[in-house]
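The structure under discussion appears below in the form of structure tokens.
There are 4 protein chains.
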Amino acid sequence: MGVAATTAVLGQTRRRSRFDRRLARILEHATNIFCDKGYERASMRDLSRACAMSLAGLYYYFDSKERLLYLIEKELFERVTELLDQKLPATTDPEQRVRLFIENHITFFLAKQKAMKVLAQEDDVLTGNMGSEIAAIKRDYYRRCTELLEELRCAKGLHFKSRSIAMALFGAMNCLHTWYNPKVDSPPRLLAKEISDIFLCGVYAKNGSASI
Amino acid sequence: MGVAATTAVLGQTRRRSRFDRRLARILEHATNIFCDKGYERASMRDLSRACAMSLAGLYYYFDSKERLLYLIEKELFERVTELLDQKLPATTDPEQRVRLFIENHITFFLAKQKAMKVLAQEDDVLTGNMGSEIAAIKRDYYRRCTELLEELRCAKGLHFKSRSIAMALFGAMNCLHTWYNPKVDSPPRLLAKEISDIFLCGVYAKNGSASI
Amino acid sequence: MGVAATTAVLGQTRRRSRFDRRLARILEHATNIFCDKGYERASMRDLSRACAMSLAGLYYYFDSKERLLYLIEKELFERVTELLDQKLPATTDPEQRVRLFIENHITFFLAKQKAMKVLAQEDDVLTGNMGSEIAAIKRDYYRRCTELLEELRCAKGLHFKSRSIAMALFGAMNCLHTWYNPKVDSPPRLLAKEISDIFLCGVYAKNGSASI
Amino acid sequence: MGVAATTAVLGQTRRRSRFDRRLARILEHATNIFCDKGYERASMRDLSRACAMSLAGLYYYFDSKERLLYLIEKELFERVTELLDQKLPATTDPEQRVRLFIENHITFFLAKQKAMKVLAQEDDVLTGNMGSEIAAIKRDYYRRCTELLEELRCAKGLHFKSRSIAMALFGAMNCLHTWYNPKVDSPPRLLAKEISDIFLCGVYAKNGSASI
DNA sequence: GATGAATGAGGTTTCATTCAT
DNA sequence: TATGAATGAAACCTCATTCAT
Chain A
9 MGVAATTAVL
19 GQTRRRSRFD
29 RRLARILEHA
39 TNIFCDKGYE
49 RASMRDLSRA
59 CAMSLAGLYY
69 YFDSKERLLY
79 LIEKELFERV
89 TELLDQKLPA
99 TTDPEQRVRL
109 FIENHITFFL
119 AKQKAMKVLA
129 QEDDVLTGNM
139 GSEIAAIKRD
149 YYRRCTELLE
159 ELRCAKGLHF
169 KSRSIAMALF
179 GAMNCLHTWY
189 NPKVDSPPRL
199 LAKEISDIFL
209 CGVYAKNGSA
219 SI
Chain B
9 MGVAATTAVL
19 GQTRRRSRFD
29 RRLARILEHA
39 TNIFCDKGYE
49 RASMRDLSRA
59 CAMSLAGLYY
69 YFDSKERLLY
79 LIEKELFERV
89 TELLDQKLPA
99 TTDPEQRVRL
109 FIENHITFFL
119 AKQKAMKVLA
129 QEDDVLTGNM
139 GSEIAAIKRD
149 YYRRCTELLE
159 ELRCAKGLHF
169 KSRSIAMALF
179 GAMNCLHTWY
189 NPKVDSPPRL
199 LAKEISDIFL
209 CGVYAKNGSA
219 SI
Chain C
9 MGVAATTAVL
19 GQTRRRSRFD
29 RRLARILEHA
39 TNIFCDKGYE
49 RASMRDLSRA
59 CAMSLAGLYY
69 YFDSKERLLY
79 LIEKELFERV
89 TELLDQKLPA
99 TTDPEQRVRL
109 FIENHITFFL
119 AKQKAMKVLA
129 QEDDVLTGNM
139 GSEIAAIKRD
149 YYRRCTELLE
159 ELRCAKGLHF
169 KSRSIAMALF
179 GAMNCLHTWY
189 NPKVDSPPRL
199 LAKEISDIFL
209 CGVYAKNGSA
219 SI
Chain D
9 MGVAATTAVL
19 GQTRRRSRFD
29 RRLARILEHA
39 TNIFCDKGYE
49 RASMRDLSRA
59 CAMSLAGLYY
69 YFDSKERLLY
79 LIEKELFERV
89 TELLDQKLPA
99 TTDPEQRVRL
109 FIENHITFFL
119 AKQKAMKVLA
129 QEDDVLTGNM
139 GSEIAAIKRD
149 YYRRCTELLE
159 ELRCAKGLHF
169 KSRSIAMALF
179 GAMNCLHTWY
189 NPKVDSPPRL
199 LAKEISDIFL
209 CGVYAKNGSA
219 SI
């Protein structure tokens with residue numbers, strides 16, 4: 009953490025929240041810059057300009073460039089998971105639950121298209137503890153999708169490899185950022201439905217014959 | 009281009025081919041390194057070590073790191089297109105042609121998983137002429153897929169947005185490199201069939217209702 | 009000097025002494041840190057952490073890192089000189105006076121082994137006025153030792169160069185901090201006697217022949 | 009090691025020795041600068057100026073500033089040990105061997121007064137492998153002195169703690185750099201004799217009574 | 001064809017210090 | 001008295017690239 013963490017004794021909400029608000033603003037700028045130029049090509053000076061702050065001033069809020077990426081990625085997964093946890097209990101129908109996962113993922117990441125790109129493109133850059141922590145979070149998130157598919161498969165007695173379907177599905181969803189254009193493409197919720205339809209119909213239709 | 013361009017012009021076949029063989033070897037090493045560390049994090053010294061060659065020596069074969077990436081990407085698309093052009097005339101059935109495209113893409117890139125990753129991850133780094141040239145090549149390649157889908161749609165009177173399907177399909181295919189493991193997953197040709205099935209069945213099954 | 013100098017002038021004893029007590033505590037922490045990490049490698053943040061105080065807060069008590077070192081060194085010499093002045097009048101025997109000097113030096117600095125190390129290792133860092141003031145103080149202190157040796161030489165009609173002996177003696181004494189270990193080595197007073205014996209016996213024994 | 013180490017395949021004496029000569033020159037400049045300003049205060053830019061070379065150019069010859077210090081310290085000990093090994097076999101008389109050690113140490117380090125100061129002042133800065141390697145070398149060198157004193161003690165049946173004498177002796181010798189002035193003080197060989205006399209006479213004279 | 005040696009530009013990070021509050 | 005927040009300067013180091021040989 010940045011310098012401030014060391015002196016952050018008090019629970020003075022005002023102060024603490026000012027720090028958090030500032031940090032959040034920095035993370036937003038960082039997300040934009042990492043998205044536009046890529047993590048490595050983005051320099052801390054770029055960020056300092058975007059934040060209208062001195063280079064040294066930035067480091068009051070975090071330790072290192074690497075941790076910026078870590079914070080961005082971690083928060084993203086925390087938020088999308090949180091939303092998922094709110095929505096998922098609403099239904100017990102396996103198909104609806106899969107559709108819910110897809111919709112949650114697509115609407116969340118399309119709302120944060122830039123962050124999505126950062127996440128997709130800067131996959132291996134985090135190393136050490138931060139790297140393995142993010143990797144674990146990602147794995148968990150993917151596993152949840154696989155499990156929902158597995159539920160569906162069991163419930164309907166279908167034949168397919170949940171892992172493969174999940175991977176193809178994530179491939180399709182996570183690459184949206186490379187081509188999605190709100191002006192010509194369907195709005196997020198509809199797009200989510202369309203993709204769900206393709207995958208679910210595909211899965212149902214070929215049932216009994218080959219298995220993926 | 010490097011110094012050698014002069015000799016290349018002379019048409020001295022012997023020289024030219026030795027040059028080409030050496031360059032090809034360098035491009036292979038570069039592909040591995042770019043894949044493992046990412047384009048920006050990979051240094052020319054890493055490459056010189058891998059090639060057991062001096063830094064200055066490398067520059068005889070190309071004139072900038074950026075061009076290395078350009079050459080890698082360009083050759084990849086040239087090869088995959090070449091193969092496609094050989095196979096596609098074999099059939100006129102629209103569905104078979106789509107399946108052929110998918111199989112060609114997946115088997116080619118799974119055989120060159122590292123190159124695939126480079127292509128997927130270093131999307132925006134090329135700038136200027138090289139950047140736009142590669143972008144044009146990519147666009148053409150994508151358009152071919154879209155056109156094949158369009159052929160199918162017309163032939164069968166289906167309702168779907170070819171562009172969206174193509175994009176989802178490319179997403180699914182291009183992310184294979186992040187999870188594909190030859191030891192646990194289906195071999196390339198079978199995997200291609202499975203993915204084709206999902207998408208085509210999906211498209212057929214939902215026809216008439218919603219369209220993607 | 010820090011802001012507090014203004015209040016100090018007012019002669020407000022209460023304030024002044026609280027200020028002094030706080031400053032003394034800071035100097036102790038600074039001594040430890042300078043000893044452990046070296047003056048340059050020790051950061052003001054290290055000190056702020058040790059003092060459980062904010063960085064800005066520290067600067068109320070002094071106006072620069074350099075002055076911290078100055079204050080440490082100055083106080084050290086003031087104290088050791090003060091003690092010497094108390095003890096020295098007790099005897100007029102030249103040999104006893106030399107022994108007294110040695111004992112005073114060794115017991116004082118072994119009691120403050122960390123300060124001793126700071127003094128020995130950060131010799132040239134002070135510049136400007138503070139630098140020359142400390143240099144003068146050191147020179148005076150060294151001169152006193154030389155003068156005591158000179159007294160001895162004259163009184164006993166010996167032949168040796170007091171300056172050289174003094175320097176060798178200080179070398180031996182000031183490097184104690186690098187190896188002295190209270191658990192295995194003689195206690196300070198005995199160690200002082202042993203070193204005195206070596207130097208004095210050495211000086212007596214070789215008298216008449218060569219001179220140092 | 010510097011960049012060059014990686015490509016240094018060949019035993020081409022001409023090339024290799026040019027590299028070595030350049031590196032040696034850099035180490036000399038570094039020694040002067042580290043001596044004058046201290047290791048931490050000396051910047052690589054200072055060194056680049058002294059060497060009339062670009063900053064990046066310097067790094068062709070070594071890895072890091074830390075390794076510069078390591079190389080300086082290591083070479084110093086290697087040289088002084090080498091010289092000692094040449095001289096020591098010349099005599100078997102224990103006293104002469106101790107005198108030889110002292111003379112070798114003093115003449116060597118007084119000839120390289122600046123290096124001596126670097127060695128004395130930058131004691132703890134090396135960390136990790138380099139740090140422990142140098143520490144081991146130093147310990148060995150000190151142990152040799154202690155062993156020579158021990159030989160003397162046994163041969164003459166004297167009573168003193170070799171370790172303490174060695175430490176006081178090194179203290180006296182290693183601080184020479186702080187005051188030795190070739191214009192007013194005895195030349196190195198004579199100074200060595202004088203210091204030897206003091207310590208040996210001191211040791212002989214007080215034998216039977218107290219022991220150090 | 002190939003290399004040893006060199007460089008300018010730029011990277012991230014740390015530092016002592018300040019100032020409004 | 002004390003602090004949170006900020007800063008300019010400078011640190012070490014790496015990079016892609018070049019050029020005489």
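So the sequences go chain by chain: A, B, C and D. Take the position in the first sequence, starting the count at 1, then add 8; the result is the number in our numbering. Take the position in the second sequence, starting the count at 1, then add 8; the result is the number in our numbering. Take the position in the third sequence, starting the count at 1, then add 8; the result is the number in our numbering. Take the position in the fourth sequence, starting the count at 1, then add 8; the result is the number in our numbering. Glycine residues also receive a C-beta, built at the ideal position from the N, C-alpha and C atoms. In this text, all values refer to a predicted model and were calculated from it rather than measured experimentally.
9 Å Cβ cutoff, residue i in contact with chain D
i, result
"residue 207/C", "yes"
"residue 138/C", "no"
"residue 178/C", "yes"
"residue 184/C", "yes"
Cutoff 9 Å: residue i Cβ touching any chain C Cβ
i, result
"residue 175/D", "yes"
"residue 158/D", "no"
"residue 88/D", "no"
"residue 34/D", "no"
Cα-Cα separation, residue i to residue j
i, j, result
"residue 156/C", "residue 72/D", "48 Å"
"residue 54/A", "residue 67/A", "14 Å"
"residue 122/B", "residue 77/A", "24 Å"
"residue 190/D", "residue 118/D", "9 Å"
"residue 206/B", "residue 64/D", "56 Å"
"residue 60/C", "residue 83/C", "23 Å"
"residue 137/B", "residue 187/A", "22 Å"
"residue 197/D", "residue 115/D", "6 Å"
"residue 148/B", "residue 174/B", "13 Å"
"residue 128/C", "residue 145/D", "22 Å"
"residue 195/C", "residue 182/D", "24 Å"
"residue 140/D", "residue 99/D", "33 Å"
"residue 81/A", "residue 171/D", "59 Å"
"residue 165/C", "residue 36/C", "45 Å"
"residue 113/D", "residue 88/D", "7 Å"
9 Å Cβ cutoff, residue i in contact with chain B
i, result
"residue 227/A", "Residue coverage of chain A in this structure runs from 9 to 220, which leaves residue 227/A outside it and unanswerable."
"residue 81/A", "no"
"residue 141/A", "no"
"residue 212/A", "yes"
"residue 203/A", "yes"
"residue 27/A", "no"
Sequence-distant residues of its chain with Cβ nearer than 7 Å to residue i (five each side left out)
i, result
"residue 103/B", "160, 208"
"residue 132/C", "none"
"residue 134/B", "74, 77, 78, 142"
"residue 34/D", "59, 66, 69"
Contact set for residue i: own chain, Cβ-Cβ below 8 Å, skip 5 residues either direction
i, result
"residue 109/B", "92, 96, 152, 153, 156"
"residue 52/C", "63, 66, 73"
"residue 204/D", "106, 107, 110, 111"
"residue 45/C", "54"
"residue 40/A", "58, 122"
Assumed close pair residue i, residue j - CB separation to whole angstroms, cut-off 8 Å
i, j, result
"residue 130/B", "residue 27/B", "The Cβ separation is near 25 Å, so there is no contact."
"residue 210/D", "residue 180/C", "11 Å between Cβ atoms; not a contact."
"residue 213/D", "residue 212/C", "7 Å"
Beta-carbon contacts of residue i that lie in its chain and below 6 Å, excluding the five residues immediately before and after
i, result
"residue 125/C", "43, 185"
"residue 31/A", "69"
Chain A contact for residue i (CB, 9 Å cutoff)
i, result
"residue 155/B", "no"
"residue 165/B", "no"
"residue 199/B", "yes"
"residue 194/B", "yes"
Under 9 Å, CB to CB, which of the residues in the region 46 to 66 of chain B have a partner in chain A?
46, 47, 48, 49
Looking at chain A, which residues of the region 112 to 133 of chain B have a Cβ within less than 9 Å of any of its Cβ atoms?
128, 129, 130, 131, 132, 133
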